[in-house]
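Asker: Position 57 of the sequence shown, counting from 1, maps to 57 under full-length UniProt numbering, and the rest follow consecutively.
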Amino acid sequence: MVLFGLGRLFYVILLLINAVAVLSEERFLRRIGLGRSNDETPVFGQDQNTTKSKVVQLIGAVQTLLRIPLIGINILVIVYELLLG
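#1: Identify whether Leu9 lies in helix, strand or coil by the three-state DSSP scheme.
#2: Under a three-way DSSP split, which group does Leu66 fall into?
#3: So for Asn74, helix, strand or coil by DSSP?
#4: Since I believe Leu66 is in contact with Ala21 (beta carbons under 8 Å), could you give me their beta-carbon distance rounded to a whole number of angstroms?
#5: State buried or exposed for Val56, treating a residue as buried only when at least 16 other CB atoms are found within 10 Å of its CB.
#6: Judging by CA-CA distance, which residue of Tyr11, Asn49, Ile59 is the nearest neighbour of Ser24?
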């Protein structure tokens, strides 16, 4: 019974990572203020690690580092669902 919950959790995490990976910076992220160009450099005395800058860095890292592995993982999940789903 625990494995069924872990399988659903895996699917949810995979879908969320896919959603972040396909976000378009030009169309969507800049509109809501999360584009990389909107990440202003802080002046003296301001905190560099704001939540907004961390979110922008996380989105950039997911889009850069996980794009190729996500293709393979998605193919494996699709084949699994076709054969055993």
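Just so you know, even glycine gets a beta-carbon here, dropped at the ideal spot from N, CA and C.
Answerer: Checking against the coordinates, here is how it stands:
#1: helix
#2: coil
#3: helix
#4: 6 Å
#5: buried
#6: Ile59
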